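Have a look at the structure below, then the notes.
Protein chains: 2
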Amino acid sequence: MASIKNPATEALAPFEHMSKSDTILLRKRLVGESCKLFFRSDPLKIVRAEAQYMYDEQGRAYLDCINNVAHVGHCQPDVVAAASRQLAVLNTNNRFLHDNLVLCAQRITDLMPEPLSVCFFVNSGSEANDLALRLARAHTKHQDVITLDHAYHGHLSTLIEISPYKFRQIPNHKQADWVHVAPVPDVYRGKYRESEHPGEDMGALYAEDVRRLCEKATAGGGGVACYIAESLQSCGGQVVPPPNYLREVFRHVRAAGGVCICDEVQVGFGRVGSHWWAFQLQGEDIVPDIVTMGKPMGNGYPVAAVVTTRAVADSFRDTGVEYFNTYGGNPVSCAVANAVLQVIEDQKLLQHAQDVGDYLLARCRELQGRHSLIGDVRGVGLFVGIELVVDRTTREPATAEAQHVLSRMKDESILLSSDGPDRNVLKLKPPMVFSKQNVDTVIEVLDQVLAELADEHADLEPEHAHQTNGKTNGILAH
Amino acid sequence: MASIKNPATEALAPFEHMSKSDTILLRKRLVGESCKLFFRSDPLKIVRAEAQYMYDEQGRAYLDCINNVAHVGHCQPDVVAAASRQLAVLNTNNRFLHDNLVLCAQRITDLMPEPLSVCFFVNSGSEANDLALRLARAHTKHQDVITLDHAYHGHLSTLIEISPYKFRQIPNHKQADWVHVAPVPDVYRGKYRESEHPGEDMGALYAEDVRRLCEKATAGGGGVACYIAESLQSCGGQVVPPPNYLREVFRHVRAAGGVCICDEVQVGFGRVGSHWWAFQLQGEDIVPDIVTMGKPMGNGYPVAAVVTTRAVADSFRDTGVEYFNTYGGNPVSCAVANAVLQVIEDQKLLQHAQDVGDYLLARCRELQGRHSLIGDVRGVGLFVGIELVVDRTTREPATAEAQHVLSRMKDESILLSSDGPDRNVLKLKPPMVFSKQNVDTVIEVLDQVLAELADEHADLEPEHAHQTNGKTNGILAH
Numbered sequence: 001m002a003s004i005k006n007p008a009t010e011a012l013a014p015f016e017h018m019s020k021s022d023t024i025l026l027r028k029r030l031v032g033e034s035c036k037l038f039f040r041s042d043p044l045k046i047v048r049a050e051a052q053y054m055y056d057e058q059g060r061a062y063l064d065c066i067n068n069v070a071h072v073g074h075c076q077p078d079v080v081a082a083a084s085r086q087l088a089v090l091n092t093n094n095r096f097l098h099d100n101l102v103l104c105a106q107r108i109t110d111l112m113p114e115p116l117s118v119c120f121f122v123n124s125g126s127e128a129n130d131l132a133l134r135l136a137r138a139h140t141k142h143q144d145v146i147t148l149d150h151a152y153h154g155h156l157s158t159l160i161e162i163s164p165y166k167f168r169q170i171p172n173h174k175q176a177d178w179v180h181v182a183p184v185p186d187v188y189r190g191k192y193r194e195s196e197h198p199g200e201d202m203g204a205l206y207a208e209d210v211r212r213l214c215e216k217a218t219a220g221g222g223g224v225a226c227y228i229a230e231s232l233q234s235c236g237g238q239v240v241p242p243p244n245y246l247r248e249v250f251r252h253v254r255a256a257g258g259v260c261i262c263d264e265v266q267v268g269f270g271r272v273g274s275h276w277w278a279f280q281l282q283g284e285d286i287v288p289d290i291v292t293m294g295k296p297m298g299n300g301y302p303v304a305a306v307v308t309t310r311a312v313a314d315s316f317r318d319t320g321v322e323y324f325n326t327y328g329g330n331p332v333s334c335a336v337a338n339a340v341l342q343v344i345e346d347q348k349l350l351q352h353a354q355d356v357g358d359y360l361l362a363r364c365r366e367l368q369g370r371h372s373l374i375g376d377v378r379g380v381g382l383f384v385g386i387e388l389v390v391d392r393t394t395r396e397p398a399t400a401e402a403q404h405v406l407s408r409m410k411d412e413s414i415l416l417s418s419d420g421p422d423r424n425v426l427k428l429k430p431p432m433v434f435s436k437q438n439v440d441t442v443i444e445v446l447d448q449v450l451a452e453l454a455d456e457h458a459d460l461e462p463e464h465a466h467q468t469n470g471k472t473n474g475i476l477a478h
Numbered sequence: 001m002a003s004i005k006n007p008a009t010e011a012l013a014p015f016e017h018m019s020k021s022d023t024i025l026l027r028k029r030l031v032g033e034s035c036k037l038f039f040r041s042d043p044l045k046i047v048r049a050e051a052q053y054m055y056d057e058q059g060r061a062y063l064d065c066i067n068n069v070a071h072v073g074h075c076q077p078d079v080v081a082a083a084s085r086q087l088a089v090l091n092t093n094n095r096f097l098h099d100n101l102v103l104c105a106q107r108i109t110d111l112m113p114e115p116l117s118v119c120f121f122v123n124s125g126s127e128a129n130d131l132a133l134r135l136a137r138a139h140t141k142h143q144d145v146i147t148l149d150h151a152y153h154g155h156l157s158t159l160i161e162i163s164p165y166k167f168r169q170i171p172n173h174k175q176a177d178w179v180h181v182a183p184v185p186d187v188y189r190g191k192y193r194e195s196e197h198p199g200e201d202m203g204a205l206y207a208e209d210v211r212r213l214c215e216k217a218t219a220g221g222g223g224v225a226c227y228i229a230e231s232l233q234s235c236g237g238q239v240v241p242p243p244n245y246l247r248e249v250f251r252h253v254r255a256a257g258g259v260c261i262c263d264e265v266q267v268g269f270g271r272v273g274s275h276w277w278a279f280q281l282q283g284e285d286i287v288p289d290i291v292t293m294g295k296p297m298g299n300g301y302p303v304a305a306v307v308t309t310r311a312v313a314d315s316f317r318d319t320g321v322e323y324f325n326t327y328g329g330n331p332v333s334c335a336v337a338n339a340v341l342q343v344i345e346d347q348k349l350l351q352h353a354q355d356v357g358d359y360l361l362a363r364c365r366e367l368q369g370r371h372s373l374i375g376d377v378r379g380v381g382l383f384v385g386i387e388l389v390v391d392r393t394t395r396e397p398a399t400a401e402a403q404h405v406l407s408r409m410k411d412e413s414i415l416l417s418s419d420g421p422d423r424n425v426l427k428l429k430p431p432m433v434f435s436k437q438n439v440d441t442v443i444e445v446l447d448q449v450l451a452e453l454a455d456e457h458a459d460l461e462p463e464h465a466h467q468t469n470g471k472t473n474g475i476l477a478h
């Protein structure tokens with residue numbers, strides 16, 4: 001404590017215990033540096049939040065376009081009340097019967113297509129995906145996993161192995177022999193581009209790669225335990241797979257004796273607007289064997305789940321190994337999840353996400369018409385990506401420009417982030433209460449920031465051409 | 001919902017939404033059967049809890065001797081208030097600066113010996129142990145893990161591999177080649193028994209097996225990444241390692257280039273009474289490289305942590321891979337952890353655990369004097385095991401008798417459980433507010449139940465001798 005000034009000697013904001021500089025100092029000293037801050041050079045200290053707004057220690061409000069965990073809005077009063085009420089009454093493990101758990105299981109399975117009827121409750125999307133792999137392996141008695149390039153499925157050892165988004169960063173990482181990486185079904189920048197395959201069934205084309213990996217896994221002796229993918233790839237760059245993709249993938253994977261896992265941790269619970277789950281965008285006939293869900297489920301409270309079929313759950317039971325998760329499905333986490341579901345229904349947030357999302361996409365496309373830096377606009381509901389490119393023909397990623405945009409948006413009190421392998425895709429995944437007026441604000445500021453960038457480019461051309469790797473750009477250093 | 005009766009037609013308890021039979025029905029239908037209930041044939045529906053008491057739907061109170069998660073007592077008011085207050089203000093991820101996180105890191109590292117100064121916050125003990133393995137491997141660049149027989153370190157894929165308690169149950173499970181299983185340092189029933197090695201340094205003897213496994217791991221090419229063990233083995237049967245054990249183990253493991261992980265998920269936060277952490281029982285000079293903690297940390301709220309040295313944390317940072325845990329270290333979980341620590345201090349619960357624990361051990365030993373079924377009594381603070389044996393000489397485990405005792409104790413409104421590979425060790429790990437009066441109640445009832453058992457045995461001897469495997473026993477079927 002020696003270096004921390006006495007809080008009484010400084011003017012602190014409500015909810016503050018120390019000055020921002022002291023928070024930074026302690027964080028640097030006491031928290032692993034692998035845990036990164038947003039806006040590293042000038043991080044934000046957020047002391048309170050409400051709905052789609054976050055407030056720093058000086059009372060400045062930021063419009064939150066990125067916190068998909070605060071699904072029904074930061075500190076939503078019904079959710080807070082449900083948690084607080086239950087915390088005061090009972091919070092114990094699921095080896096005791098409790099109504100909240102079975103009611104939550106009932107609500108969630110009621111939102112799923114028919115054979116998906118059995119729940120396992122866990123604490124995080126990572127725990128959910130890890131359990132999904134255990135279920136798949138127990139059911140198929142196969143070992144191998146087919147995953148997508150640039151995928152991220154969680155921070156656990158086994159999940160890092162199936163997350164190229166992470167493992168490609170590890171020096172000398174040897175891809176596990178049970179992992180097979182399929183191309184991202186990204187028709188804009190992926191292996192097969194719509195522009196180069198006009199009129200083709202892009203879904204079938206991408207699925208064909210999965211079929212080949214199934215053959216390889218079978219020939220290798222591991223067999224296909226599962227295909228796992230986010231229904232819409234998030235960290236991979238806000239990718240919406242082409243029609244027919246999951247239908248064809250599921251067919252190939254099941255023919256090889258594998259099961260199909262849809263990771264809805266980031267995109268579930270109505271974010272896509274037209275449906276509760278993003279896999280449903282691919283057709284009413286698309287039914288995974290296992291669905292994982294997390295982030296939005298507890299609006300910030302750690303609760304997540306795996307939903308599967310009776311057949312898969314029974315195979316897992318038949319291994320004879322009890323599955324015990326200390327907090328999974330406890331009365332508080334289920335009270336919270338039930339409250340979140342109730343708010344989504346009461347406030348008709350699916351319809352809202354569809355309306356606002358459509359408006360957001362339309363306004364982004366308008367911007368695309370004015371700014372050549374925007375190569376692609378894609379998404380569905382309140383899951384939107386704006387891909388920045390240096391050149392629309394070569395599609396060279398505008399990585400540095402994207403980082404500059406984020407920084408400028410923050411100056412203008414708008415929280416945005418970027419993702420994708422080249423970090424050039426601006427991503428919007430705001431709390432579901434995001435309004436059309438919020439969209440107007442974002443578009444207006446983004447328009448202005450992109451115009452500034454275009455001006456700076458125009459001023460400097462042609463002497464300062466872009467670095468070809470798109471990673472550095474002289475102007476942005478200023 | 002078809003099969004669920006209208007709640008209005010039945011008399012339901014406060015906090016009940018449906019009758020117990022309907023809860024059971026829905027649970028069976030909608031929750032994976034791998035998730036087991038306590039007292040399967042007649043499970044408990046618990047609707048509220050307070051301090052060391054749990055209440056069923058009929059208002060019946062049970063004395064809770066098993067829920068170590070409810071560390072400072074079920075629904076402890078200060079902890080509930082801290083959670084509720086913070087939930088209403090801000091609950092977001094640790095990419096934003098927040099005082100609760102750094103204050104929590106400071107409190108925890110202040111309770112650790114010197115070089116353990118860097119925290120990572122996660123949601124569960126499982127997530128903590130998985131991260132500990134990632135840290136160990138990143139730091140040592142080795143792969144192999146030395147674990148204890150009967151160990152349980154969590155429900156995740158990688159942790160099942162190092163948990164013989166679980167993997168030995170899986171049909172045809174092939175032990176991973178990077179896993180090495182050392183004998184449990186159990187001087188009562190283990191590989192080396194105190195009775196057979198009078199006067200020997202039992203710690204050094206058991207550690208010698210670890211040394212041999214280090215040699216094997218090194219020769220095999222994987223190298224020793226880490227030794228991981230609970231500081232006191234819980235599921236393995238409430239085992240207290242002999243003096244000098246960790247000192248010798250740490251010496252061997254470090255000589256092989258590995259790091260030492262103490263899993264304090266079940267036994268940390270002052271349960272042992274004399275110290276905050278159970279590894280400290282082995283001496284002030286015993287300093288692990290990584291400590292994991294969980295269950296008691298949030299008193300039921302999902303929060304857990306990994307504490308390590310700057311050197312290990314920096315090795316992990318140097319892999320270049322960000323570690324992001326959605327809820328880990330959020331303002332609510334840290335508010336809760338800080339409140340738990342404050343309650344432990346304010347109520348002097350370490351001293352209390354030591355006083356009540358000493359009394360509990362003394363009274364158990366008194367019982368041991370009267371009941372030959374009790375083969376061993378061991379423990380420290382409020383972590384106690386009573387090992388039941390059919391015969392004190394052969395030490396044949398009294399598994400069926402133990403199950404009978406649990407069932408009879410439940411009839412008498414006392415919640416107890418059993419563990420160990422033979423499920424013959426009655427384990428007590430109650431909320432830390434457990435009183436001497438509670439001890440008297442438990443001892444009195446246990447005395448009576450053991451007397452009944454002895455009477456039944458006496459009545460039936462000699463015609464009905466024990467089954468030699470100790471798994472079935474005619475009388476207990478009645």
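So the sequence lines, in the order shown, correspond to chains P and E.
If you count by the numbering used here, then the first sequence holds residues 1 to 478, one letter each, in order.
If you count by the numbering used here, then the second sequence holds residues 1 to 478, one letter each, in order.
Glycine residues also receive a C-beta, built at the ideal position from the N, C-alpha and C atoms.
These numbers were taken from a predicted model, which means no experiment stands behind them.
- Residue contact check for residue 123/P against chain E: a CB pair falls below 9 Å.
- Three or more beta-carbon pairs drawn from the region 110-117 of chain P and the region 285-295 of chain P are found closer than 8 Å, and the two stretches are therefore classed as touching.
- Spanning the alpha carbons of residue 369/P and residue 238/P requires a straight line of approximately 20 Å.
- From the beta-carbon of residue 43/P, the residues of chain E found nearer than 9 Å are 95, 96 and 97.
- Nearest C-alpha to residue 22/E among 60/P, 259/P, 33/P and 99/P: 99/P.
- Between the alpha carbons of residue 26/P and residue 193/P lies a distance of about 48 Å.
- In the structure shown, residue 33/E adopts coil according to DSSP, grouped into three states.
- Using a Cβ-Cβ cut-off of 8 Å, residue 150/P is close to nothing in chain E; its nearest Cβ partner there is about 14 Å away.
- Residue burial annotation: residue 52/E is buried, with at least 16 other C-beta atoms found within 10 angstroms of its C-beta.
- Within the region 405-464 of chain E, the runs of alpha helix (DSSP H) that reach at least 4 residues and sit entirely inside it are, in chain order, 436-460.
- Within a 10 Å sphere around the beta-carbon of residue 448/P sit fewer than 16 other beta-carbons, which makes this residue exposed.
- When DSSP assignments are scanned along the region 249-307 of chain E, the uninterrupted stretches of beta strand (DSSP E) that are 3 or more residues long and fall wholly within it turn out to be 259-263 and 290-293.
- Only buried fits residue 429/E, as 16 or more other CB atoms lie within 10 angstroms of its CB.
- If you look at residue 375/P, you'll find it in the beta strand (DSSP E) that goes 374-380.
- Around the Cβ of residue 215/P, a 10 Å sphere holds fewer than 16 other Cβ atoms; the residue is exposed.
- Counting C-beta atoms within 10 angstroms of its own C-beta, residue 394/P has fewer than 16 neighbours from the protein chains shown and is therefore classed as exposed.
- With fewer than 16 other CB atoms across the displayed protein chains lying within 10 angstroms of its CB, residue 110/P is exposed.
- Collapsing the DSSP output to three states places residue 403/P in a helix.
- Proximity of residue 169/P to chain E, defined by a Cβ-Cβ separation below 9 Å, is satisfied.
- Residue 56/E carries a strand assignment under DSSP once its states are collapsed to helix, strand and coil.
- For the region 58-102 of chain P, the full-length beta strand (DSSP E) segments reaching 3 residues or more read 61-64 along the chain.
- Contact annotation for residue 17/E against chain P: 99 and 103 [CB-CB distance below 7 Å, chain order].
- Between residue 117/P and chain E, the shortest Cβ-Cβ separation is below 9 Å.
- Under the DSSP assignment, residue 310/P falls in the alpha helix (DSSP H) whose first and last residues are 310-317.
- Annotation: residue 96/P to residue 324/P spans about 12 Å, alpha carbon to alpha carbon.
- At a cut-off of 9 Å, the C-beta of residue 198/P has no neighbouring C-beta in chain E.
- Taken through DSSP and simplified to helix, strand or coil, residue 147/P comes out as strand.
- Here the region 324-340 of chain E makes contact with the region 79-86 of chain E; the two share three or more CB pairs at distances below 8 Å.
- Beta-bridge partners of residue 175/P (DSSP): none assigned.
- Residue state for residue 126/E is assigned as helix, using DSSP reduced to three classes.
- Its chain contains 13, 16, 20, 45 and 47 as the residues whose beta carbon lies nearer than 7 Å to that of residue 57/P, once the 5 sequence neighbours on both sides are disregarded; these appear in chain order.
- At the C-beta level, residue 69/P and residue 92/E come within 9 Å of one another.
- The alpha-carbon separation between residue 354/P and residue 273/P amounts to approximately 4 Å.
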